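*Asks:*
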Amino acid sequence: MAEHDTTNDTTSDTTSGGTTHGTARGAELKERLGTVRDRLDAACRAAGRDPSEVALLAVTKTVPAGDVAELLDLGLTAFAENRAQEASSKVTEVAALRPAAAPRWHFVGGLQRNKVRLVLPWVTRIESVDSPRLARTIDSEVGKARDRGERDAPLPVLVQYSVDGDPDRGGVPDDGLDSLVDLVAELPGTEPAGLMAVAPLGWEPERAFERISEVFRRTRERHPGARELSAGMSADLEIAVHHGSTVVRVGTALVGERRLTSE
397 MAEHDTTNDT TSDTTSGGTT HGTARGAELK ERLGTVRDRL DAACRAAGRD
447 PSEVALLAVT KTVPAGDVAE LLDLGLTAFA ENRAQEASSK VTEVAALRPA
497 AAPRWHFVGG LQRNKVRLVL PWVTRIESVD SPRLARTIDS EVGKARDRGE
547 RDAPLPVLVQ YSVDGDPDRG GVPDDGLDSL VDLVAELPGT EPAGLMAVAP
597 LGWEPERAFE RISEVFRRTR ERHPGARELS AGMSADLEIA VHHGSTVVRV
647 GTALVGERRL TSE
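Under the numbering used here, think of the first position of the sequence shown as 397, with each following residue one higher.
1. Taking the continuous beta strand (DSSP E) assigned at residue 556, which residues delimit it?
2. How many Å lie between residue 605 and residue 510 at the Cα?
3. Could you tell me the alpha carbon to alpha carbon distance between residue 617 and residue 579, rounded to whole angstroms?
4. Would you kindly report the start and end of the unbroken alpha helix (DSSP H) that includes residue 528?
5. In whole angstroms, give me the CA-to-CA distance for residue 560 and residue 607.
6. So does the segment 530 to 538 actually touch the segment 570 to 586, counting three or more Cβ pairs closer than 8 Å?
7. Assign residue 437 to buried or exposed, taking buried as 16 or more other Cβ atoms, counted over all protein chains shown, within 10 Å of its Cβ.
8. Mind checking who residue 572 pairs with in its DSSP beta bridge?
9. What number of angstroms, rounded off, separates the C-alpha of residue 439 from the C-alpha of residue 432?
10. Could you tell me which residues DSSP puts in a beta bridge with residue 629?
11. How do the segment 519 to 527 and the segment 490 to 508 stand: do at least 3 beta-carbon pairs fall below 8 Å, yes or no?
12. Check for me: the alpha helix (DSSP H) holding residue 495 runs from which residue to which?
13. Could you name the residues of the same chain whose beta carbon sits closer than 8 Å to that of residue 730, not counting the 5 residues immediately before and after it, in chain order?
14. With respect to the beta strand (DSSP E) encompassing residue 453, which residues constitute its N-terminal and C-terminal limits?
15. Kindly list the residues whose CB is nearer than 6 Å to the CB of residue 474, restricted to its own chain and excluding five residues on each side of it in sequence; keep chain order.
16. In the DSSP assignment, what residue or residues form a beta bridge with residue 590?
17. Can the beta-carbon of residue 484 be found less than 7 Å from the beta-carbon of residue 516?
18. So, under 8 Å CB-CB, residue 428 and residue 649 are touching, yes? Tell me the CB distance rounded to an integer number of Å.
19. Would you say residue 617 reaches chain B, if we count a Cβ-Cβ gap shorter than 7 Å as a contact?
20. I need the DSSP call for residue 523, collapsed to helix, strand or coil.
21. Which same chain residues, not among the five before or five after residue 621, have their C-beta less than 8 Å away from its C-beta?
22. Assuming residue 575 and residue 566 make a contact with CB atoms under 8 Å, what is their CB distance in whole Å?
23. Residues in its own chain within less than 6 Å of residue 603 by CB, not counting five upstream and five downstream?
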């Protein structure tokens with residue numbers, strides 16, 4: 397893709413939905429994406445893995461739809477959001493900006509049960525199922541969507557594993573993980589695609605990701621189809637790749653400390 401022309405253009409990307417194509421912001425995103433991809437390729441080589449084994453999930457919470465449109469132009473296809481209402485509006489804006497594109501939208505972070513209906517029309521995968529009640533709500537809403545003719549398959553979900561068991565950070569602790577994955581597999585509206593995890597604050601990263609890797613292996617033994625491990629972010633993606641992550645969720649390194657201008 398050709399370099400963007402940034403001459404005399406530093407302000408046209410300030411609206412929440414405006415495209416950044418050809419702007420200073422667009423050039424910044426291109427440079428950031430190149431750096432992230434270089435890091436990811438190097439991490440895979442160091443771990444003896446094929447780079448095609450690890451997907452890059454762009455965390456675009458609090459960034460405008462124009463940034464997502466630019467990242468689509470740069471070849472990214474998977475985006476993560478963690479606020480149901482913000483994301484629903486952004487999905488619509490991106491569709492208007494890039495009608496020919498087919499982005500895949502993931503929901504990460506805590507999802508309130510009363511917001512499941514809001515995200516279901518556009519979400520490709522929910523990565524933060526951490527309770528039986530949430531799993532059953534998703535199943536129920538998928539069933540209703542099927543009855544309306546809006547869905548014809550279960551929704552893939554990742555069960556969020558809590559490494560340290562801290563209830564304030566989300567996720568299910570070790571003693572409840574197996575039963576929750578089993579439930580997701582049993583419900584007709586959900587499909588266990590794997591695990592999501594975050595290295596806890598205060599833990600040595602190696603210790604955290606070793607534990608995450610062990611639990612993921614156990615999960616795959618019980619459910620061979622649960623192939624995805626979404627682990628690793630901007631600061632620790634190299635360690636996550638070394639320990640078997642198949643998806644890295646990158647926000648800050650990719651988009652910076654961007655915030656929607658409406659907030």
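Using N, Cα and C, we set each Cβ at its ideal position, and we do this for glycine too.
Please read these numbers as outputs of a predicted model, since none were measured by experiment.
*Replies:* On the basis of the coordinates in this document:
1. 551 to 557
2. 32 Å
3. Distance between the alpha carbons of residue 617 and residue 579 is about 16 Å.
4. Residue 528 -> alpha helix (DSSP H) spans 528 to 543.
5. 10 Å
6. yes
7. It is exposed - the Cβ of residue 437 has fewer than 16 other Cβ atoms within 10 Å.
8. According to DSSP, residue 572 bridges with nothing at all.
9. 10 Å
10. Beta-bridge pairing links residue 629 to no other residue.
11. yes
12. Taken as a continuous stretch (DSSP letters only), residue 495 belongs to no alpha helix (DSSP H), as it is neither H nor E.
13. Missing from the structure shown is residue 730; the chain here goes from 397 to 659 and no further.
14. 451 to 455
15. 453 and 500
16. 554 and 624
17. Contact check for residue 484 against residue 516 fails: the beta carbons are separated by 7 Å or more.
18. 7 Å
19. No chain B appears in the structure shown, which is made up of a single protein chain.
20. strand
21. 587, 588 and 589
22. Taking 8 Å as the upper bound for CB-CB distance, residue 575 and residue 566 are not in contact here, some 17 Å apart.
23. none
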